[in-house]
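Chains as they are written, first to last, in my numbering: chain A, 1 to 368; chain B, 1001 to 1545; chain C, 2001 to 2364. Beta carbons are placed, not taken as given, at the ideal position from N, Cα and C, and that holds for glycine. Single-structure report; data block below.
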Amino acid sequence: MADVTSGAGAAFVEFEHVQKSYDGETLVVKDLNLSIAKGEFLTMLGPSGSGKTTCLMMLAGFETATHGEIKLAGKPINNIPPHKRGIGMVFQNYALFPHMTVAENLAFPLEVRDIGKSDRDAKVKRALDMVQMGKFGGRRPAQLSGGQQQRIALARALVFEPELVLMDEPLGALDKQLREHMQFEITRLAHNLGITTVYVTHDQTEALTMSDNVAVFDDGRIQQLAPPAVLYEEPANSFVAQFIGENNTLMGTVKEIKGDIAVVALDDGELIDCKPVNVSKPGERTRVSIRPERVEVNKARLQKGAHTLKAEVLEFIYMGDIFRTRLRVAGNDNFIVKTRNAPDQVRMQPGQQIEIGWLPQDCRALDA
Amino acid sequence: MSDMTDTGPMRAADGTPLKKSLARALRRQKLRALALIAPLLIFVLVTFVVPIGDMLFRSVENQIVSDTLPNTIQRLAGWNPDSGEIPDEAVFAALAVDFQAAAEEKNHTKLGTRLNYENPGMSSLFRKTGRGADDIGKNFQKTFTGFDKAWGKGEAWAALLGSDKWLAATEGWTKDAGPEPKFSARDEAEFALPLTTGVYRSFARVARADGKKAAADTKPWPVLFNALAEDISSASPEAIAAIGGPSADLLKSAAQGLSSAEPISYKDTFVAIDKGWADLGTWQTIQAYAGDYTPGYFLNAVDLEKGTDGIKKRPDQQRIYLMLFWRTIWMSMLITGCCLLLGYPVAWILANLRASTANVLMILVLLPFWTSLLVRTSAWKVLLQQQGVINDVLVWLGLVDDANRLVLINNQFGTIVAMTHILLPFMILPLYSVMKTIPPAYLRAAKSLGATNWTAFWRVYFPQSVPGIGAGAILCYILAIGYYITPELVGGTQGVFISNRIAFHISSSLNWGLAAALGAILLGAVLLLYYVYDKIVGIDNVKLG
Amino acid sequence: MKLTSILAATTALTMAAGAASAVDLTLVSWGGAYQKSQLKAYAEPYMAMHPDVNIIWDESSAEAVAKLRAMHEAGNLTWDLVDVDAADSFRLCDEGLALEYEPNDLLAPAPDGTSAADDFGAQIVNACYIPQIVYSTTFGYRTDMVGDTPPSNICDVFDLEKYPGKRSLEKRPINNMEWALLCDGVAKDDIYSVLATDEGQQQALAKLGTIKDQVIWWSAGADTPQLLADGEVVMGSTYNGRLFSAIVEQNQPIGMLWDAQVFSFDGWVIPADLPEDRLALVKDFLFFATDTQRLADQAKYISYGPARASSAPLVGKLDGTDIDMAPYMPTDPANAQNVFYYNFEFWADYRDDIDAKFQAWLAG
Ligand SMILES: Nc1ncnc2c1ncn2[C@@H]1O[C@H](COP(=O)(O)OP(=O)(O)OP(=O)(O)O)[C@@H](O)[C@H]1O
Ligand SMILES: [Mg+2]
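Rendered as structure tokens:
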């Protein structure tokens, strides 16, 4: 799993300098370059309106790229009509045909491919069993629950054995528990069948748990394309850092850069050591980012080389498994610290003056 | 918990059975809801249900015959219409009395109009006889006033036929005191002089409705003399003697005088007024339509007629309604089909355009609604007639020879074109609103599953637009079936509908009974089609949006 | 005692108020040029004489019979005086929907003292009818489509060889059946006895059948003038006043064929059951509107002949022009050499029956 990285091996799907504009005035997708390997599970993650669906639609053939080329298995597909692309698709609202039964819905792609009746029935049954919906073949979509409809939509997109499946926020309408269950099912199926999957979601947890690679979209561009762990641990810019997971930011100016240490002067004058990510020269404004769980409040446990700062406790929130403490640090009133609810953990009182610290490599100097 | 294990009914907190208190709560709710919709309910009832009920009633109602000729009908019951003989003197005697009484209220011409629908000639027969029949009564009047001048006064008649109670009540009545007391007959007189009492009852009713003079002060109708003479001749002397009251002696002397008078032949008198009364057909018609209710209008509406020997088909040259029904049905279907064919793509485009463009197009679709029907129809005339725009263009293009210009109007083609144009919005609107609700994702899903454009449309989009087609088709069809102005203007002879005949009978021939029967059948046909539609497509599969 | 005096006072007040404010008089007519002629000839002069009377027009004459019956059944009479053609007046009179009247009591005598009954003569076709004008149903033809010999005989209508092209005829049997029989060799005097029989009816339909596929059937009086103007038909029947307008006012190339024109009448009926006060007003209006001068005046505005004998000599020129009306009058001796009089008795009896056959024949 870990060996699948973008660009590695023979690319199955390729976007080359793809641009898209609906109205001729603004670019919704700006210079998109992306390649997806066979069998890869790629998630497109990004805020609303960032162009995710548009990319999917271009790939499926319902929109044409204004510029650039999209290739499938090495062949440009710009001129292939959607129904000949052989791409399975799960729509945001499932788009199950309401006038057909579940079995008829599943048989539809097989029928239009002129697959014989007995063969068809066998495949429909197999697909239904695969999503554990074997008993529901005779029902209408309206008679199914949301999760069941979702599974049918998935089965329908897979029943004709496409090599590439596109899913546009398929779990958006489901409750948390069902969503988690379905996330598991989808990844399991995708990997078992060896299908290449392009998955669109708003939900970062979903993106992190399911994918081999995540492409973070913003403003019509891919901000970072990386496996989930890399994305979380090493966000390439402040957008990604803020978009993925919780993050504390402190504003400052780069004083000097020596090797992999950047000295940053915070706005209240304090100097700290950080890891320079996309700062290059002294004098640059920077946004320093530290994950809440990487901040240590217990002095005794501070590792060597850790940098310490004064802080005032503003709020303490008990959250069961963790404690969430809001601090004022270097003029920032919104500095969050997460501590595990361990037996030896202290519960801080608002007003308390403490000292906190972190390792320089956990503190990343990003663009402002 | 004990409640649950109890076998008895569930009880509410206050101990009343749960069912009962639920029903009470629901009833209050229902009553409130009913009060809310009451204005609409009353409106619908008054403007819709009542007229339809009235129409159905009219299509079978026929009381005019028995109301106008009550005695004649009674005596005619024994007559055999196949005997080849016209009815006997007794029937004519009753006819004389009935006819004059009817003429006093001008009801005879109404009856003539009614019977003329069944047998042409009855109208003028009744009108003519109304003028002549008066003489019969006048002759009797002379005879009676010859016996005693008192017969010429209303008083004598009131005293002879009115009950003592009525006489006392009406004594000294003046028009300022409100309506005159209602007439009630003297029992012995009613028994011995049935015709006379019957006529007098009408006489008293008319006088009372007029309200100016008491019946006793009103000049007697001539028909009363005729009726009395008839009654005296058929009553037993004892029955006559039994009649008491102030006019008893007057009656006795008149009876004596009449016995020596020459009897008249009513039959000859009537035949002399109009030969029509010697015609067997006249009497057969009266007898055939004597009942209070008649299937006659319905029979007529399906090209049948009631002869003396049962129901039979009308002669060929009079059969028209079945053909028109059939034409109405199939042409309406064709028009509906044309609307669908033209309207579907338009609705599709509208549903898939950007809202602003769609709104502009929608105005074009609705434009026909904003121009008067006559203007639109006249426009079609200008376009379609032989010297019209389309023919001119075709001739100019050399596609059509000037001598053989196409006939595009005053035939079925004209009706179909003009009606399609008029009804198109009724198809487009429901289609549009249904299509609007079909998400484009379905079509995309179908295509992503491998369906060609056509398959995706036909297997996925079309079935979902069927409710709109159903609603549009039902609307168009029902409207088409009832249209008559447009077919009348552009349909020539081959493009008119059954509604044109209904309109004719409503406004021109005044044969409302037949119009009602035709309307009822049309209503039945529509309901039947509705039922068939429900069976085939399912009525819950109709959506207006 | 007290109560009655109060009532009387109130009534007097109401009446005084009524006299001061305008009284409505609702007249029902046909609209168009005909209604205008009525307005000019008698409604406007009457209103000028009686400023308190307000005349309202309702253009419902075409549906007057059905509407009057409906009003009568509903007991809500909103009309005061109704203009109908004579055939409809028979129905109204037969149904008891129109008031029977006494001509000499209601109508003005002629200026020379002739009684109204004599002055109108046979035009009073039934006891309810108060005739105003004589009109005729006759033919017009396109002068530029008939060659050098314009049609002069009614049978030219049936002659497709001499006058090829379409004709327009009214979509009902009345008049058409008579013309057909006449041109099929039936003597004029025998026409109605022949038409009363089934064979006679079939004979007439057969004759009409010879031109059936060249006929455009009309149902509104304006159709034929329009069809003639558009060149859709060579000749067609309609009311003579319509042709007059087309020829004189619109200068269309149309000529008149007066042969076998059918005379009929148009006039007033008083709805039965009119309340006393409204009836009194109606009578007053009628006395004025049907006098000799008024009927003669009407002919200044439309080419229909006045129903009174005494009005005929007073007919002059078309209002505001020096076009002599006489040659366009159906009653002009030159035009009236061969005329039919609408046979009301016959058609009252046979209209429905023959109409059913006629419509079946049309549709077949
Ligand atoms: N058919 C269209 N016509 C014009 N503009 C469009 C159309 N579809 C999308 N857009 C615009 O393109 C941009 C990107 O839309 P897209 O649907 O790709 O966003 P998304 O990333 O899928 O957002 P979401 O997460 O909300 O689904 C948006 O600004 C949107 O307004
Ligand atoms: Mg989207």
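Exercise. In or out: L366(A) buried (at least 16 other Cβ within 10 Å) or exposed?
Worked result: buried
Exercise. What residues in the stretch 1431–1451 of chain B bring their beta carbon closer than 8 Å to a beta carbon of chain A?
Worked result: P1439, A1441, Y1442, R1444, A1445, A1446, K1447, S1448, L1449, G1450, A1451
For this session: Determine the chain B residues that contact L2393(C) at a beta-carbon separation under 7 Å, and present them in chain order.
Result: With chain C running from 2001 to 2364 in the structure shown, residue 2393(C) is simply not present.
Exercise. With C-beta atoms as the reference, is A1215(B) less than 8 Å away from F1183(B)?
Worked result: yes
Exercise. Taking the continuous beta strand (DSSP E) assigned at Y2239(C), which residues delimit it?
Worked result: 2235–2239
Exercise. Whose CA, out of W1079(B), I1349(B), F1369(B), lies closest to the CA of L1361(B)?
Worked result: I1349(B)
For this session: Could you list which residues in chain B have their beta carbon closer than 7 Å to that of F91(A), in chain order?
Result: A1441, A1445
Exercise. For E2199(C) and chain B, any beta-carbon pair shorter than 8 Å?
Worked result: no
For this session: Could you work out which residue in L2281(C), A2180(C), G2200(C), T2224(C) is closest to L2106(C) when comparing CA atoms only?
Result: L2281(C)
Problem set entry | DSSP three-state assignment for N334(A), whether helix, strand or coil | strand
For this session: With DSSP as the reference, label E206(A) as helix, strand or coil.
Result: helix
For this session: Would you check whether ligand 2 has a heavy atom nearer than 7 Å to the C-beta of D121(A)?
Result: no
Exercise. Whole alpha helix (DSSP H) runs in the stretch 1294–1372 of chain B with 4 or more residues, listed along the chain?
Worked result: 1296–1301, 1321–1352, 1355–1370
Problem set entry | Segments of 3+ residues assigned as beta strand (DSSP E) that fall wholly inside the stretch 250–315 of chain A | 261–266, 271–276, 285–290
Exercise. Are there three or more Cβ pairs, one per stretch, closer than 8 Å when the stretch 1436–1447 of chain B is compared with the stretch 73–91 of chain A?
Worked result: yes
Problem set entry | chain A contact residues for V1050(B), given Cβ-Cβ distances below 8 Å | In chain order: nothing, as chain A lies at least about 41 Å away.
Exercise. Which residues of chain B have a Cβ atom closer than 7 Å to the Cβ of R285(A), listed in chain order?
Worked result: By Cβ distance, chain B contributes nothing, its closest Cβ being about 44 Å from R285(A), past 7 Å.
For this session: Starting from the N-terminal side, write out each stretch of the beta strand (DSSP E) that is 3 residues or longer and does not extend beyond the stretch 23–52 of chain A.
Result: 29–37, 41–45
Exercise. When we look at the beta-carbon of W2258(C) and count the other beta-carbons within 10 Å, is it buried (16 or more) or exposed?
Worked result: buried
Exercise. Looking at the C-beta of M1(A), does it have a partner C-beta in chain B at a distance below 8 Å?
Worked result: Here M1(A) scores only 35 on pLDDT, less than 50, and its place in the model should not be relied on; the value that follows carries that caveat. It does not: the Cβ of M1(A) has no partner Cβ on chain B nearer than 8 Å.
Exercise. Can you tell which of Y1531(B), I1438(B), G1513(B) has the C-alpha that lies nearest to the C-alpha of V1060(B)?
Worked result: G1513(B)
Exercise. CB Q204(A) to CB I244(A), shorter than 8 Å?
Worked result: yes
Exercise. Would you call Y22(A) buried or exposed, if buried means 16 or more other Cβ atoms sit within 10 Å of its Cβ?
Worked result: exposed
Exercise. Would you call P2333(C) buried or exposed, if buried means 16 or more other Cβ atoms sit within 10 Å of its Cβ?
Worked result: exposed
For this session: Please indicate yes or no: does the CB of T53(A) lie closer than 7 Å to some heavy atom of ligand 2?
Result: yes
Exercise. Taking 7 Å as the line, does the beta carbon of E169(A) fall inside it for any heavy atom of ligand 2?
Worked result: yes
Problem set entry | beta-carbon D23(A) near ligand 1 non-hydrogen atom, thresh 7 Å | yes
For this session: Count the C-beta pairs between the stretch 2130–2140 of chain C and the stretch 2299–2319 of chain C that are closer than 8 Å, then say yes if the count reaches three, no if not.
Result: yes
Problem set entry | Bridge partner(s) assigned by DSSP for E355(A) | K310(A)
For this session: Consult DSSP for I2055(C) and reduce its assignment to one of helix, strand or coil.
Result: strand
Problem set entry | Buried versus exposed call for L2205(C) [16 or more other C-beta atoms within 10 Å across all chains shown] | buried
For this session: Let me know the secondary structure DSSP gives W1283(B) once reduced to three states.
Result: helix
Exercise. A2196(C) to V1271(B), Cα distance in whole Å?
Worked result: 20 Å
For this session: Can you check DSSP and say which residues form a bridge with S2136(C)?
Result: F2263(C)
Exercise. Which chain B residues sit within Cβ distance under 8 Å of Y2350(C)?
Worked result: P1120, G1121
Exercise. Does the stretch 48–59 of chain A come within contact of the stretch 22–36 of chain A, defined as at least 3 CB pairs closer than 8 Å?
Worked result: yes
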